[in-house]
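To start, the structure under review is shown below, and the notes come after it.
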Amino acid sequence: MKVGDLVKMKWMTFASMRRARENGYPADVPGIVVEEAHNGVKVVFPSCGKKIHTFLKESMEVISES
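Plus 700 on top of the position in the sequence shown (first one is 1) and you've got our numbering.
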């Protein structure tokens with residue numbers, strides 16, 4: 701995973717997806733990696749008002765590489 705990759709969140713259960721939606725996280729929306737360091741990435745979600753969220757790399761899935 702590197703800067704510019706298109707990613708989406710991985711889900712273990714439907715309940716975790718539901719909780720993410722309730723807390724304002726983009727559940728089914730792809731985002732673009734803007735920064736990566738060690739075990740974390742910052743992802744911007746253009747369709748959600750260009751908000752930037754920080755995630756662990758293991759919780760993200762690469763859709764397409766840059």
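Note that the Cβ used here is the ideal one computed from N, Cα and C, for glycine as well.
Apart from the five residues just before and just after residue i, which ones in its own chain have a Cβ nearer than 6 Å to its Cβ?
i: Asp705; result: Val733, Val762, Glu765, Ser766
What separation, rounded to the nearest whole angstrom, lies between the Cα atoms of residue i and residue j?
i: Met701; j: Phe714; result: 25 Å
i: Arg721; j: Asp728; result: 9 Å
i: Val707; j: Pro746; result: 12 Å
Let me know the secondary structure DSSP gives residue i once reduced to three states.
i: Ser766; result: coil
i: Lys757; result: helix
i: Met712; result: coil
Report all residues from its chain with a CB closer than 8 Å to the CB of residue i; omit the five preceding and five following residues, and keep chain order.
i: Asn723; result: none
i: Thr759; result: In the sequence as displayed, the identity of residue 759 is Ser instead of Thr. These residues qualify, in order along the chain: Met709, Lys710.
i: Val703; result: Val733, Val734, Glu735, Glu736, Ser766
Using DSSP bridges, identify the partner residues of residue i.
i: Gly704; result: Answer is none; Gly704 lacks a bridge partner.
i: Val734; result: Its beta-bridge partners do not exist; DSSP assigns none.
i: Val743; result: Val733, His753
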